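Below: one structure, written as structure tokens.
Numbering (our numbering), first residue to last: 25 to 454.
Here it is, written out as structure tokens:
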């Protein structure tokens, strides 16, 4: 930069490692947090600033955040409330903080997570370092083989109704730094801005489902509400929890009914409610008389666990109880592929279609293919059906005969199995 007198001045470079703030946070902490927020992507908050916009003056923006936080002058903006339609006709609302607020939340999350992680129990899997949905699903798969009954818990509007006073009591046990606690309180009390621009202030409950720090706070709340309570009061029953989805394994219906009643009472005492219809007792014994019971299946993390027929290595048929891609997820993913209408992309090559579809296909295959990949077959066949429709419109020689277009797909998949991710898994017409 050149001054009016003609003197050249260099832009000041910040040493991210040596700068110190009031609470010993450095701008380097904010840079690290920004990198994590950027990897998680996400849309803009109420200020309309995107991640790309923020990066245009990254050094200045991060320095400003650091200065405001360490000086105590930081106050979060309102949270943008975005409605997402659910399959049952209802709407799930996400709270989207601004990019700057997400970065500050990530800084604080990084600072307190290791403290809370030391307290969390092995039964909890959601949003924890080194733990995954597949880990929780594997424990459930083993659990249904060892017990006869499960209590399928469904917490009603957990992120909307989590009481702030009880959350603060839980925080009192572990987080004593006043500045950190002040920041958490400001996030909890920040208003929500709806799609019409109206502001809504929390009434002592709730945390934005979409905030960076919200999963950690929710895990802390449920650690005391459910995990630790179960370990003290019902140690003989096994609990598996992923965020606000939980399964409890019981050895008899009587014990399952008792546990369900006690957990309902516990949640009421903690200001929460279990969904009356969705919280169920399920029979999960591997036997042929399972159909005589009212509930013989349950959904967990996108998988449907139910009795299913399998064969031994010798070919003998037996009844098992296991999980595969749930009907709800099959319907949702199939609808998403249909909505893409790639069968109408007449001017597009098959390679370009594969380039678009493969990231989506790999996500489905990697998640639902870990256990019982045959459960994905209807979704993958729906993709093949659309590819056949594309071929019949693209190539006249293929024609409209279903037998001829399926033969085309089989031939193409045999010749180039690497083209589509699901072909590599063997999902082609036989």
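In this text, a Cβ means the ideal position worked out from N, Cα and C, and glycines have one as well.
All figures in this text were calculated on a predicted structure; none of them were measured in a lab.
Here the alpha carbons of residue 242 and residue 131 stand approximately 17 Å from one another. Within 10 angstroms of the beta-carbon of residue 390 lie fewer than 16 other beta-carbons, which makes it exposed. Of the candidates 174, 68 and 204, 174 places its Cα closest to the Cα of residue 317. CA-to-CA, the gap between residue 217 and residue 59 works out to about 26 Å.
At least 8 Å separates the beta-carbon of residue 128 from that of residue 68. Judged by DSSP in its simplified three-state form, residue 331 adopts strand.
Pairing residue 141 with residue 154, the inter-Cα distance amounts to about 11 Å. DSSP, reduced to helix, strand and coil, places residue 270 within a strand of the structure shown. By the neighbour-count definition (other C-beta atoms within 10 Å, threshold 16), residue 359 is an exposed residue. Residue 223 is not a Cβ neighbour of residue 101, given a cutoff of 8 Å. With distances taken between CA atoms, residue 213 lies nearest to 99 out of 99, 329, 377 and 114.
In summary, residue 85 is buried, with 16 or more beta-carbon neighbours lying within 10 Å of its beta-carbon over all protein chains present.
Between residue 298 and residue 185 the beta-carbon gap is near 12 Å, outside 8 Å, which marks them as no contact. Going by DSSP, residue 420 is part of no beta strand (DSSP E) at all; its letter is neither H nor E. Proximity to residue 139 across 92, 157 and 244 peaks at 244, based on C-alpha coordinates.
For residue 124, no beta strand (DSSP E) encloses it; the enclosing alpha helix (DSSP H) starts and ends at 123–141.
Contact between residue 350 and residue 341 fails: their C-beta atoms lie close to 24 Å from each other, not under 8 Å. Excluding its 5 nearest sequence neighbours in each direction, residue 256 has no C-beta neighbour in its own chain below 6 Å. In this structure, residue 408 and residue 452 form a Cβ contact; the two beta carbons are roughly 7 Å apart against a cut-off of 8 Å. In the three-state reduction of the DSSP assignment, residue 367 falls in the helix class, which pools H, G and I. Within a 10 Å sphere around the beta-carbon of residue 446 sit 16 or more other beta-carbons, which makes this residue buried. Listed in chain order, the beta strand (DSSP E) runs fully inside the segment 217–292 are 262–266 and 269–274, counting runs of at least 3 residues.
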